[in-house]
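Visitor: Provided herewith is a single structure, encoded as structure tokens, for subsequent inquiry.
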Amino acid sequence: MLKVDNLKKYFPVERGVFRRVIDYVRAVDGISFEIKKGEVFALVGESGCGKTTTAKMIVGLFEPTDGEIFFHGKDISLLKRKELARKIQIIFQDPFASLNPRLTIGTIVGEAVKHRLEATDEKVKNKKIKKETRELLNRVGLPVNILNEYPHQFSGGQRQRIGIARALAMQPELIVADEPVSSLDISVQAQILNLLLDLRDSLELSYLLIAHDLNVVRFLADRVAVMYQGKIVERGSVRNVYEDPLHPYTKKLLEAIPTLETETIK
Amino acid sequence: MEKILEVKNLSVEFYKGGKVIQALRDTSLTLKRNEVLSIVGESGCGKSTLALSILKLIPEKEGRVISGEILFKGEDLLRLSDEKLLQIRGDRISIIFQDPFTSLNPVFKISKQIAESLILHKKENLSTHQMEKEIIELLELVKLPKPKDTMLSYPHQLSGGMQQRVMIAIALSSNPEILIADEPTTALDVTIQKEILNLLTELQKKLGLSVVLITHDFGIVAQTCQRVSVMYAGIIVEEASTSEIFHNPLHPYTKGLLESLPSREELPSSSQGKKRRLKAIPGQVPDPSNLPSGCKFNPRCPKVIEDCKPEEPRLREIVKNHWVRCIRAVY
Chain A
5 MLKVDNLKKY FPVERGVFRR VIDYVRAVDG ISFEIKKGEV FALVGESGCG
55 KTTTAKMIVG LFEPTDGEIF FHGKDISLLK RKELARKIQI IFQDPFASLN
105 PRLTIGTIVG EAVKHRLEAT DEKVKNKKIK KETRELLNRV GLPVNILNEY
155 PHQFSGGQRQ RIGIARALAM QPELIVADEP VSSLDISVQA QILNLLLDLR
205 DSLELSYLLI AHDLNVVRFL ADRVAVMYQG KIVERGSVRN VYEDPLHPYT
255 KKLLEAIPTL ETETIK
Chain B
15 MEKILEVKNL SVEFYKGGKV IQALRDTSLT LKRNEVLSIV GESGCGKSTL
65 ALSILKLIPE KEGRVISGEI LFKGEDLLRL SDEKLLQIRG DRISIIFQDP
115 FTSLNPVFKI SKQIAESLIL HKKENLSTHQ MEKEIIELLE LVKLPKPKDT
165 MLSYPHQLSG GMQQRVMIAI ALSSNPEILI ADEPTTALDV TIQKEILNLL
215 TELQKKLGLS VVLITHDFGI VAQTCQRVSV MYAGIIVEEA STSEIFHNPL
265 HPYTKGLLES LPSREELPSS SQGKKRRLKA IPGQVPDPSN LPSGCKFNPR
315 CPKVIEDCKP EEPRLREIVK NHWVRCIRAV Y
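Protein sequence lines, in the order shown, are assigned to chains A and B. Heads up: the first sequence begins at 5 in the working numbering, then just goes up one per residue. Heads up: the second sequence begins at 15 in the working numbering, then just goes up one per residue.
Below you can see the structure in the form of structure tokens.
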């Protein structure tokens, strides 16, 4: 469904008054992978490895320096913004920063519904938008009577659900989830992880999961690619990569996860 | 073993947006010499407030201690004069925070920041050469490679892990007896986290430190701590040895948290098959300015009964050295 081919993103490093380019930061340095329909594919790595930059290119927020991204065989750089938005959506890490504090929940989610509907009759449009907005809120486990409230009135977990509702409004096939639970309390993380799986099953969604928490990836993902300094160093099913890591960096990453075995304490 | 720090019935109030928030309510805990105690909890549970209160670091306008005692080797820190408290804060009891980048001064070199700490804690009469030697020793203690280069760097030139090592060096420069570490690795990558935790464990043993480690990550607790206090809504709800907490959690909140961790799940047998769901705790952490009556966890608790609602339970020792604040907990 999604195919990434030799993708690169280089950021120029400029120096001096005339802003001469002296070097490049090779944030993403030639990566390739595929995501099948209905799959949860994870990109893991530590800070600076290029996973978030990759996510942004797939959603169209960054333009690749080189390489191609294909969706159902078609090069996404040829698609208009709106067309792309109907196929691929994104959920961000920070539920506090990703919702416009001046807009009501009804507007935040409703605007997305409005874009998708493109209805012409104003009256019919507004009624339909409200109905769908409520349905979306219900689907993500939120009460439906919150259309006139503002983001600051909700907790982190609730805001994350609102962000998910907004992403679903465009009825995408692929959702890029950039660290969807790392800003949340652990008791809420489980709720959101469950929700993401429920939505995957009921809406036949696929996910590109960007995460640094290897336990979350282990739980949510089917396949995983490990990134290091802009390149993919290992890729495979979660089971294979976690149980039998081949690349030394993958091994190092897995060994670093603090486990719950307490026999190690003296 | 000797009790080096005893917090007794500490209650702390915060003022925010015209509301009074009970950040800490009648909290008590004990730290023994050479022990690593962990305080675990989610946002709003009061763990950071507890850390800041021990060293009287809460600004007067933001909040105050309403009642309780904080005994350091038998002496109540809350009743000390500011002058005497200065001799303890940063000297006998040191603290490191989550984000080293905001703790370090961006306009001064590392050498100057460490020197500042050394001078404050009585090493004011050293020659430049001697000072340099002390700084290098400290940087070597925290295993920073190329200490001479690091000394002359500015904080932004160092990685997060290196900055945190510098913070630890500054915290240890006075040879303190107690180190409080408030989420010291949360902002760091997992491989760096492992290194920093190993470093802290090593230093603890080498220097005979007593440590209070505040975290939300049970994995860190398992690897580094001997005792755990679980906090919820401003109060301790369970306290036991690390081994007991993991093998025999008794408070429904602790059980719920442990059961909801994704690491507890088995890997799915098929690669794209139906995955099991996590056992999540419903609802969310209560608003500290609007706590329910009785046991604060009761709205979310699977074991709740009517008796849970009128009055908050006391901590009871259900098993030896295992305390639980729940009327339904049994061994």
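Note that beta-carbon positions come from the ideal geometry of N, C-alpha and C, so glycine has one too. Remember, it's a predicted structure, so these values are computed and weren't measured experimentally.
According to DSSP, simplified to helix, strand and coil, what is Leu217(B)?
Guide: Position 203 of the second sequence holds residue 217(B). Note: Leu217(B) maps to helix in three-state DSSP.
Visitor: What residue range does the beta strand (DSSP E) around Ile109(B) cover?
Guide: Locating residue 109(B) in the second sequence gives position 95, where the first residue counts as 1. Segment 107 to 110, the beta strand (DSSP E) holding Ile109(B).
Visitor: Does the CB of Gly233(B) have a neighbour CB from chain A at under 7 Å?
Guide: Here residue 233(B) refers to the residue found at position 219 of the second sequence. At a cut-off of 7 Å between beta carbons, Gly233(B) contacts chain A.
Visitor: Kindly list, in the order they appear in chain B, the residues whose Cβ is closer than 8 Å to that of Ala194(A).
Guide: Numbered from its first residue, the first sequence carries residue 194(A) at position 190. Simply Ser274, Leu275, Pro276, Leu292, Lys293, Ala294, Ile295.
Visitor: Can you give me the C-alpha to C-alpha distance between Thr254(A) and Ile128(B), rounded to a whole angstrom?
Guide: Numbered from its first residue, the first sequence carries residue 254(A) at position 250. Numbered from its first residue, the second sequence carries residue 128(B) at position 114. When rounded, the distance between both Cα atoms is 36 Å.
Visitor: Any residues in the region 30 to 57 of chain B with a beta carbon nearer than 7 Å to a beta carbon of chain A? Which ones, in chain order?
Guide: Glu56, Ser57
Visitor: Listing by chain order, which chain A residues have their CB less than 8 Å from the CB of Gly270(B)?
Guide: On the second sequence, residue 270(B) is found 256 positions in, with the first residue counted as 1. Those within 8 Å of Gly270(B) in chain A are Ser191.
Visitor: So what does DSSP say about Asp321(B), is it helix, strand or coil?
Guide: Start at 1 with the first residue of the second sequence, and residue 321(B) comes out as number 307. Residue state, collapsed to three classes: helix.
Visitor: Would you kindly work out how many angstroms separate the C-alpha atoms of Ile35(B) and Ala260(A), rounded to a whole number?
Guide: Mapped onto the second sequence, residue 35(B) falls at position 21. Mapped onto the first sequence, residue 260(A) falls at position 256. One C-alpha to the other measures close to 38 Å.
Visitor: Need the endpoints of the alpha helix (DSSP H) that Tyr246(A) sits in, please.
Guide: For the purposes of this step, residue 246(A) is identified with residue 242 of the first sequence, where counting begins at 1. Where Tyr246(A) is concerned, the enclosing alpha helix (DSSP H) stretches over 242 to 247.
Visitor: Going along chain A, which residues have a C-beta under 7 Å from Thr205(B)?
Guide: As a first step, residue 205(B) must be located in the second sequence, where it is residue number 191. Here the neighbours are Glu50, Lys256, Leu257, Ala260.
Visitor: From the DSSP output, in three-state form, read off Tyr345(B) for me.
Guide: Here residue 345(B) refers to the residue found at position 331 when the second sequence is read from its first residue. Three-state result, Tyr345(B): coil.
Visitor: Are the Cβ atoms of Asp189(A) and Glu56(B) separated by less than 7 Å?
Guide: Here residue 189(A) refers to the residue found at position 185 of the first sequence. Here residue 56(B) refers to the residue found at position 42 of the second sequence. Result yes, Cβ atoms of Asp189(A) and Glu56(B) sit closer than 7 Å.
Visitor: Between the C-alpha atoms of Arg3(A) and Lys78(A), what's the straight-line distance to the nearest angstrom?
Guide: Outside the displayed range of chain A (5 to 270) lies residue 3(A), so it cannot be described from this structure.
Visitor: Looking at the structure shown, is Thr263(A) part of a helix, part of a strand, or coil, going by DSSP?
Guide: The residue labelled residue 263(A) in the question sits at position 259 within the first sequence. Residue state, collapsed to three classes: coil.
Visitor: Less than 7 Å between the C-beta atoms of Ala229(A) and Phe37(A), yes or no?
Guide: Locating residue 229(A) in the first sequence gives position 225, counting from the first residue. Locating residue 37(A) in the first sequence gives position 33, counting from the first residue. Yes.
Visitor: Residues in its own chain within less than 6 Å of Glu191(B) by CB, not counting five upstream and five downstream?
Guide: Counting from one through the second sequence, the residue named residue 191(B) turns up at place 177. Correct list, in chain order: Arg106.
Visitor: Shorter than 7 Å from the beta carbon of Lys317(B) to some beta carbon of chain A?
Guide: For the purposes of this step, residue 317(B) is taken as residue 303 along the second sequence, with counting starting at 1. With 7 Å as the cut-off, Lys317(B) does not count as an interface residue toward chain A.
Visitor: Does any CB atom of chain A fall closer than 7 Å to the CB of Gln298(B)?
Guide: Looking up residue 298(B) in the second sequence gives position 284. Chain A contact via Cβ: present.
Visitor: Taking the continuous alpha helix (DSSP H) assigned at Thr142(B), which residues delimit it?
Guide: Taking the first residue of the second sequence as position 1, residue 142(B) is located at position 128. Here the alpha helix (DSSP H) through Thr142(B) covers 142 to 155.
Visitor: Take Ala65(B) and list the residues in its own chain whose beta-carbon comes closer than 6 Å to its own, dropping the five residues that flank it on each side.
Guide: One-based indexing of the second sequence puts residue 65(B) at position 51. Excluding sequence neighbours, Ala65(B) sits near Ile194, Asp196, Ile228.
Visitor: Can you list, in chain order, the residues of its chain with a C-beta nearer than 6 Å to that of Pro350(B)? Leave out the 5 residues immediately preceding and following it.
Guide: Here chain B comprises residues numbered 15 to 345, so residue 350(B) is not present and cannot be evaluated.
Visitor: Flag Ala247(B) as yes if its beta-carbon sits less than 7 Å from any beta-carbon of chain A, otherwise no.
Guide: The sequence position of residue 247(B) within the second sequence is 233, counting from 1. Output row for Ala247(B): interface = no.
Visitor: Could you check the C-alpha separation between Ser283(B) and Tyr246(A) for me, to the nearest Å?
Guide: Within the second sequence, the letter at position 269 stands for residue 283(B). Within the first sequence, the letter at position 242 stands for residue 246(A). For Ser283(B), the predicted structure reports a pLDDT of 49, less than 50, and the residue's modelled location is therefore unreliable. The matter cannot be settled from this model.
Visitor: From the DSSP secondary-structure annotation, give me the bridge partner or partners of Asp27(A).
Guide: Mapped onto the first sequence, residue 27(A) falls at position 23. Val17(A).
Visitor: Using a Cβ-Cβ distance under 7 Å, would Met5(A) count as near chain B?
Guide: As a position in the first sequence, residue 5(A) is number 1, starting the count at 1. Taking Cβ atoms only, chain B never reaches closer than 7 Å to Met5(A), which makes this a no.
Visitor: Among Ser241(A), Thr108(A), Lys12(A), which residue has its Cα nearest to the Cα of Thr69(A)?
Guide: In the first sequence, residue 69(A) corresponds to position 65, counting from 1. Of Ser241(A), Thr108(A), Lys12(A), the residue nearest in Cα terms is Lys12(A).
Visitor: Is there a C-beta anywhere in chain A that falls below 7 Å from the one on Gln178(B)?
Guide: Position 164 of the second sequence, counting from 1, holds the residue named residue 178(B). False, the Cβ-Cβ gap to chain A never drops below 7 Å.
Visitor: Does DSSP put Ile124(B) in a helix, a strand or coil?
Guide: Taking the first residue of the second sequence as position 1, residue 124(B) is located at position 110. In this structure, Ile124(B) counts as helix in the three-state DSSP scheme.
Visitor: In this structure, what does DSSP give as the bridge partners for His336(B)?
Guide: Here residue 336(B) corresponds to residue number 322 of the second sequence, with the count starting at 1. Val333(B), per the DSSP bridge assignment.
Visitor: Per DSSP, what are the beta-bridge partners of Met165(B) in this structure?
Guide: Mapped onto the second sequence, residue 165(B) falls at position 151. Its beta-bridge partners do not exist; DSSP assigns none.
Visitor: Run the CB neighbour count on Asn142(A), radius 10 Å, all protein chains shown included, and call it buried at 16 or more, exposed below.
Guide: One-based indexing of the first sequence puts residue 142(A) at position 138. By the neighbour-count rule (16 or more Cβ atoms within 10 Å), Asn142(A) is not buried but exposed.
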